[in-house]
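Residue numbers (full-length UniProt numbering): 1 to 113.
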């Protein structure tokens, strides 16, 4: 049976002038957090990883992308767990999360017009 990963969600919280994004699905948890911020005209990132987790592989890039596009500090917390994933399933999760980020950025841009 093919999993659709429709339970993966993106929650966005405005914290003053900054953004907190929470991406979770499957067995929800905190696997990694990445904070991207502007310093000297460029976007930097700091990431914390819970030992044994791999969400940082995605969280860093997403945090950098959102911070760069919104020109704001962004903390992205990610925790997605499904048992016994195959490589193609990981790719589908990556695509799904990317579509959630794309939708969030589009919605945010429309609100700023």
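Where is the CB? At the ideal position from N, CA and C, for every residue including glycine.
Inset, instruction - Assign residue 74 to one of two classes, buried (16 or more other C-beta atoms within 10 Å of its C-beta) or exposed (fewer than that). - result: What you label residue 74 is simply residue 74 of the chain shown in a count that begins at 1. Burial call: buried.
Inset, instruction - Count the C-beta pairs between the segment 101–112 and the segment 58–77 that are closer than 8 angstroms, then say yes if the count reaches three, no if not. - result: Contact between the segment 101–112 and the segment 58–77 is present, because at least three Cβ pairs lie under 8 angstroms.
Legend entry - Meets three-Cβ-pair contact criterion under 8 angstroms: the segment 38–47 and the segment 3–13: no
Legend entry - Reduced DSSP secondary structure (H/G/I, E/B, other) of residue 18: Reading the chain shown from its first residue, position 18 is the one you call residue 18. It is a strand residue.
Inset, instruction - Identify whether residue 82 lies in helix, strand or coil by the three-state DSSP scheme. - result: Working through the chain shown from its first residue, we reach residue 82 at position 82. Residue state, collapsed to three classes: coil.
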